[in-house]
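Counting in my numbering, the final residue of the sequence shown is number 346, and the numbers go up one at a time with none missing.
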Amino acid sequence: MTHDAASVRALLGEILAALASASESDETRSLRERLERFVAHSDDALTSAVLLEASAAPLGAMRVFPKEARGLVGAKANAIKQAALAALAEEEQAALARALAAERSHAGFDATLPPPRQACGSLHPITQVTRELEDLFTSMGWTILDGPEVETEHFNFDALNISPDHPARDTMDTFWVRTAPGDTRLVMRTHTSPVQVRAMRRLQPPFRAIVPGKVFRNEALDASHEHTFHQMEGLVVGQHVSVGHLIAAMKTLLRGIFGREIEIRLRPGYFPFVEPGFELDARCPFCTEGCSVCKRSTWIELLPCGMVHPNVLKAGGIDPEQWTGFAFGLGLSRLVMLRFGIDDVRHLLAGDVRFLEQF
Ligand code: PHE
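As C-alpha cells, this is what we get:
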C-alpha cells in the first residue's frame, strides 16, 4: 500500500478545524501551531518520522480538545498513526531492497560462489594418533580393548607381579582413591598394563590386543610431566611367541607412525611384569647427526616392552607352559608430541582453543 501523504494532510486539516472551533487555550494554541507546521510541510518532506509525531501529538494531548471534538480528533489521529506505521514499514522494506540491490550491483559480486566456510572443529591430536594406530593394528588383526581408569590395587600391581613391598608401587607415584578400611583398595591406574590381565581373563589365547587410554600419576608437573597422560598398551599371547615377534611388531608400528623403515635397538629394561624386559629405542626420525629431539644421540627412547612374565600369565588364568606372549607400553602422549613437534605435554589436556585449533 502506498502511503498517501495528501490524505494524511487532509486528516490533519480536519483536526485543525476542530481545534479552531474550540475556545483556544495556551495548550491548544501550541498544538495547533505544531500541526500547522506539519501541514505546511511539502509533500516530499513529509517523512514517516514527522507523521508519527503528528499522530502522537493529538493522541497525547486529547484532554486539551473540547469534549465535542475529542471523538473526531481521536479517530483522525488514529488514522494518521496507522498511515504513519504503514509508511514506516514500507520505508524499511524499501531500504532493505535498496541495500540488496547495491550489494548485487557491486563489482565482482558472484551469486554462484559458495558461502563463507563454517568454522568447524577438529580432532584432538591424541585422538588423531590413537585412531591411526587403531587402524594400523586392526588391519593386522589386533583387537582394541578398554579398561577402567579407576582400577583395583590387584590389577594395577599384584596381578602384574609387582609385590606389595616392591618399589614400583612408589616409583609410579600412585594416586590412591580413598576407600573404607577393609574395602578393595583402588587407584587411578598408573599405566594401561592392568588391562593385560583383564584381557587374559576375558579372551581365549591366542589373541592380540592394544589398549589406548588415560593413565594418572602424582608427578611434579613440568614440560614433560603431566598428572594425566595417554599410553597404549600392546599384548600378544600365543604359542611360540618370541622376542622376534616383538621386534617385528615394533618395526611395523614404527613404519606405520613414520611412514618408512626405522632402525631400532633393544636395551635391557626392568619391569616386574616382563622377563626379559627391554627399552626399545628408535633411530631419530628427524636427523642423522643428532638434534635436540634425540639429545644429540641419534636414538630416541620409544617404549618399554618385553616378554610377558609367567606370573602375569598365571594371574590371567593362562598356562605359561603352553603360552607365551609379549607386551609393550607406548607413551602415546610422548609420541603425539614427537609427531607434531609439541614442546610441552601440559598443552595436551589444557583445553586451550588456540592450541587445539592448530591440528
Ligand atoms: N606399564 C609400563 C609403564 O608404565 C610400561 C610397560 C608396558 C613396560 C608393557 C613393559 C611392558 O610404565
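Where a beta carbon is used, it is the ideal one built from N, C-alpha and C, also for glycine. Owing to the predicted nature of the structure, the values given are computational and were not obtained by experimental measurement.
heavy atom of the ligand PHE below 7 Å from residue i C-beta
{"i": "A314", "result": "yes"}
{"i": "E262", "result": "no"}
{"i": "E363", "result": "Given that the chain is displayed from residue -12 to residue 346, the structure contains no residue 363 and the question cannot be resolved."}
{"i": "S320", "result": "no"}
{"i": "P101", "result": "no"}
{"i": "S150", "result": "no"}
{"i": "F258", "result": "yes"}
{"i": "S211", "result": "no"}
{"i": "G293", "result": "yes"}
{"i": "H217", "result": "no"}
{"i": "S180", "result": "yes"}
Own chain partners of residue i with C-beta closer than 6 Å, once the 5 adjacent residues on each side are dropped
{"i": "I287", "result": "A269, C271, C281"}
{"i": "R195", "result": "W129, V223"}
{"i": "F245", "result": "P272"}
{"i": "P297", "result": "P307"}
{"i": "E121", "result": "I131"}
Residue-level contact to chain C via CB, residue i, 8 Å cutoff
{"i": "L208", "result": "Here there is only one protein chain, and chain C is not present."}
Sheet register partners of residue i (DSSP bridge)
{"i": "E77", "result": "The partner list for E77 (beta bridge, DSSP) is empty, contrary to what the question assumes."}
{"i": "C281", "result": "Beta-bridge pairing links C281 to no other residue."}
{"i": "M159", "result": "Answer is none; M159 lacks a bridge partner."}
{"i": "C292", "result": "F265, F315"}
{"i": "D209", "result": "H212"}
{"i": "T130", "result": "A196"}
{"i": "I287", "result": "A269"}
Buried versus exposed, by CB contacts within 10 Å (16 or more), residue i
{"i": "V332", "result": "buried"}
{"i": "F258", "result": "buried"}
{"i": "F124", "result": "buried"}
{"i": "W129", "result": "buried"}
{"i": "V323", "result": "buried"}
{"i": "P291", "result": "buried"}
{"i": "H93", "result": "exposed"}
{"i": "M127", "result": "exposed"}
{"i": "T(-11)", "result": "At T(-11) the pLDDT is 40, less than 50, meaning the model places this residue with poor confidence and gives no usable figure here."}
{"i": "R321", "result": "buried"}
{"i": "L192", "result": "With the sequence shown as reference, residue 192 is identified as Pro, and Leu is not the correct amino acid for it. Buried is the call here."}
{"i": "A146", "result": "buried"}
{"i": "S279", "result": "exposed"}
Where the alpha helix (DSSP H) containing residue i begins and where it ends
{"i": "F313", "result": "Not the alpha helix (DSSP H): F313 falls in the beta strand (DSSP E), residues 311 to 318."}
{"i": "K301", "result": "297 to 302"}
{"i": "F245", "result": "230 to 245"}
{"i": "E119", "result": "112 to 126"}
{"i": "V184", "result": "181 to 189"}
{"i": "F342", "result": "340 to 343"}
Close beta carbons around residue i, own chain, < 8 Å, minus the five adjacent residues each side
{"i": "H227", "result": "T311"}
{"i": "E1", "result": "L59, K63"}
{"i": "E206", "result": "D160, H212, E213, H214"}
{"i": "I251", "result": "I234, M237, K238, L241, L267, D268, A269, R270, L289"}
Other residues of its chain near residue i: CB distance less than 7 Å, five sequence neighbours each side excluded
{"i": "T171", "result": "T139"}
{"i": "L319", "result": "I113, V116, T117, P199, H217, Q218, M219"}
{"i": "T177", "result": "N143, M159, T161, V202, F203, R204"}
{"i": "V182", "result": "L132, G134, V198, E220"}
{"i": "S284", "result": "G277"}
Range of the contiguous beta strand (DSSP E) that encloses residue i
{"i": "A196", "result": "194 to 203"}
{"i": "D268", "result": "261 to 270"}
{"i": "T177", "result": "Element bounds for T177: n/a, residue is neither H nor E."}
{"i": "V137", "result": "137 to 139"}
{"i": "F216", "result": "215 to 225"}
{"i": "R254", "result": "251 to 255"}
Check: residue i C-beta below 7 Å from any heavy atom of the ligand GDP
{"i": "R321", "result": "With respect to the ligand GDP, the structure shown offers nothing to examine, as its ligands consist of the ligand PHE."}
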